[in-house]
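For the sequence shown, the UniProt record's numbering begins at 1 and goes up steadily by one.
Beta carbons are placed, not taken as given, at the ideal position from N, Cα and C, and that holds for glycine.
Everything below concerns the one structure shown next.
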Amino acid sequence: MVKRVRARFGTQVAVLHSGLSDGEKFDEWRRIVRNEVKVVVGARSAVFAPLRNIGIIIIDEEHSETYKQSDAPRYHARDVAIHRAKKFECPVVLGSATPSLESRSRVERGRYDFVKIQKRANQKALPNIQVIDMRQHLGDGYNENFSAPMVEEIRHRILRKEQVVLMLNRRGFSSFVMCRTCGFVLTCPNCDVSLTMHMDSRTMRCHYCGHEEAIPRLCKNCGSDKIRFFGTGTEKVQQQLAEIIPGARVLRMDVDTTRRKGAHERLLERFGNHEADILLGTQMIAKGLDFPDVTLVGVLNADTALELPDLRASERTFQLLTQVAGRAGRADKTGEVLIQTFNPDHYAIRLAQKQDYEDFFYKEMYLRHLGKYPPYYYTVLVSVSDRDERQALKNAYEMLNIIQPQLSANAIVLGPTAKSISKIKQKYYYQILIKYQREPKLHRALLEVLNKSQEKFRQGTRISIDSEPQNFL
């Protein structure tokens with residue numbers, strides 16, 4: 001995107017994102033303050049750019065959860081953009097092929113105008129999408145990640161000198177390690193999660209706190225050598241591709257391969273220069289990529305997000321599948337998309353295959369209404385953490401006793417309950433979820449919780465309040 005904008009506006013463009021050094025951020029910020037630029041492009045923090053006279057704000061891929069800052073100060077860039085637009089009396093464009101339910105519902109209520117683009121910008125046909133039921137392909141003779149149709153299509157594309165994009169939204173080599181003698185699973189000592197094996201560094205790694213240790217040869221619990229590695233990730237798939245399709249040139253794009261500055265851009269440049277036949281990656285490859293010779297997109301496991309205990313699991317699955325499907329056939333060559341799943345009848349997968357956003361919207365809105373979730377209800381998540389689990393739970397109930405008396409009978413309070421991952425970085429987490437439509441006294445109650453949090457902070461307890469959280473994990 002930056003290249004395209006700079007091609008149009010030249011030196012009048014400033015760029016703001018976390019990949020810049022402090023000095024680079026300062027230089028760009030100073031250029032904006034001095035009114036030396038007309039356009040600012042960036043990630044969510046760019047919404048605060050000190051432009052003096054804003055004429056329009058565009059939030060591209062407005063549905064993306066990355067626009068929500070999960071740590072303090074918590075904000076949603078979309079909401080900040082709308083607030084700033086009111087001040088400058090300028091329009092806001094929320095662009096997406098799969099708008100968030102919150103934004104689309106505001107169209108229904110007449111709060112937003114709705115402009116629908118019926119065709120691709122280049123007038124090319126949408127790719128054909130095929131769903132592969134993996135239950136019918138377990139005996140294909142390859143492995144758990146590849147069906148015979150997927151392998152055949154990849155081979156055909158490589159023979160024709162075309163390119164392939166493969167997505168698996170899970171990094172690493174194996175998801176967990178288990179002893180087959182006693183059943184012991186190697187977990188992080190700081191968090192309530194299993195360690196993921198990474199072959200490139202030959203370590204077991206926690207994706208939450210960064211803890212690392214050597215890959216075990218013997219079970220820590222019983223000493224058995226019957227260690228088995230379960231699950232999969234992009235690293236393992238890369239190795240499997242080398243075995244299934246020898247000679248295929250594969251580039252892997254995930255958090256592990258793009259840590260260094262400029263690595264993301266270099267990988268895409270190499271793929272664009274045809275230095276690889278296959279681009280394998282996590283969800284970071286689902287949007288923004290435009291390669292004319294990509295004629296096949298393969299989703300290796302469409303069920304990954306559906307497995308999560310989160311109210312937006314179906315919405316995110318539909319959005320991700322629709323977005324990644326859009327990477328195929330963007331030029332003269334016809335595109336095809338193969339989606340592997342063990343749950344082909346799930347409405348999110350079925351409607352993504354049809355590329356039917358409107359049907360998905362109404363289906364999901366019906367389910368949200370039944371569950372009394374956004375966008376029908378507002379939500380506030382109060383989280384309490386402490387190194388002492390009993391203290392965390394005790395303080396969570398204390399916060400509940402502050403909040404609940406201030407609420408009407410129409411409000412719904414869930415918890416305190418342990419978070420899905422109850423321990424992270426040696427701290428135990430409990431949370432209270434409040435669902436409401438109109439609670440005039442809630443603000444006062446939350447202010448009291450904030451005041452109380454200062455006292456609890458000195459005692460080692462952390463309390464956070466997140467308005468409209470994007471996930472509940």
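First and last residue of the uninterrupted alpha helix (DSSP H) at residue i
i	result
A418	Careful: A418 lies outside any alpha helix (DSSP H), inside the beta strand (DSSP E) at 412-424.
A7	2-9
K456	442-458
Unbroken beta strand (DSSP E) run spanning residue i, endpoints
i	result
F230	227-230
S383	378-386
S464	462-467
Q391	No beta strand (DSSP E) contains Q391, which is instead part of the alpha helix (DSSP H) from 389-403.
Y430	427-436
Nearest-angstrom Cβ-Cβ length linking residue i and residue j, presumed shorter than 8 Å
i	j	result
V185	F173	Incorrect: roughly 16 Å between the Cβ atoms, too far for contact.
L289	A302	Not really, about 19 Å apart at Cβ, beyond 8 Å.
K226	R180	4 Å
M167	G281	6 Å
V93	I154	V93 to I154, Cβ: 37 Å. No contact.
M134	T341	6 Å
residue 510	L338	With the chain represented from 1 up to 473, any question about residue 510 goes unanswered, as that position is not in the structure.
L300	T317	Contact flag wrong, Cβ pair sits at about 14 Å.
S422	D192	5 Å
R52	N35	6 Å
E364	L101	6 Å
A263	T257	7 Å
I402	K452	7 Å
E468	P374	7 Å
Y436	A411	4 Å
L442	L407	7 Å
I5	V39	At residue 5 the sequence reads Val, which differs from the Ile that was named. V5 to V39, Cβ: 6 Å. Contact.
G19	K261	6 Å
H369	Y376	5 Å
Distance CB(residue i)-CB(residue j) smaller than 7 Å
i	j	result
V413	I465	no
L473	S420	yes
A385	R462	In the sequence under discussion, the amino acid at residue 385 is Ser, which differs from the Ala named in the question. Cβ distance < 7 Å, so S385 and R462 count as in contact.
N449	M399	Looking at the sequence shown, residue 449 is not Asn but Val. Yes, they are a contact pair.
A14	E24	no
I129	Q319	no
P344	V37	no
residue 560	G110	Look at the range of the chain in this structure, 1 to 473, and you will see that residue 560 is not part of it.
Q355	R387	no
I217	T304	Reading off the sequence shown, one finds Arg at residue 217, where the question assumed Ile. Not a contact, by the Cβ cut-off of 7 Å.
C188	H156	no
F271	L251	yes
I58	F88	no
P99	H137	no
I434	G415	no
Q470	K68	yes
Y428	E389	yes
I244	Y142	yes
F361	L351	no
Y112	I424	no
C206	L195	yes
S314	A348	yes
R202	I215	yes
N395	K333	no
7 Å Cβ cutoff, residue i in contact with chain D
i	result
L268	The structure shown contains no chain D; it is built from a single protein chain.
Next on the checklist: With three or more C-beta pairs closer than 8 Å as the rule, is the region 286-302 touching the region 158-166?
Outcome noted: Counting Cβ pairs under 8 Å, three or more are found: they touch.
Checklist entry - Can you give, in chain order, each stretch of the beta strand (DSSP E) that sits fully within the region 129-215 and has at least 3 residues? => result List check, beta strand (DSSP E) in window: 163-167, 176-179, 196-198, 203-205, 212-214.
Checklist entry - Pairing CB atoms from the region 76-84 with CB atoms from the region 43-56, are three or more of them under 8 Å? => result Yes, the region 76-84 touches the region 43-56.
Checklist entry - Enumerated in chain order, which unbroken segments of the beta strand (DSSP E) with a length of 3 residues or greater are wholly contained in the UniProt domain "Helicase ATP-binding" (1-117)? => result Here the runs fully enclosed are 13-16, 39-42, 57-60, 92-95.
Next on the checklist: Quick check for students: name the residue ranges of the beta strand (DSSP E) that lie wholly in the UniProt domain "Helicase C-terminal" (214-368), counting only runs of 3 or more.
Outcome noted: Those beta strand (DSSP E) runs which fall completely within the UniProt domain "Helicase C-terminal" (214-368) and span 3+ residues are 227-230, 250-253, 278-281, 294-299, 336-341.
Checklist entry - Quick one: any contact between the region 231-241 and the region 265-281, if contact means 3 or more CB pairs under 8 Å? => result Judged by pairs of C-beta atoms under 8 Å, the region 231-241 touches the region 265-281, as three or more such pairs exist.
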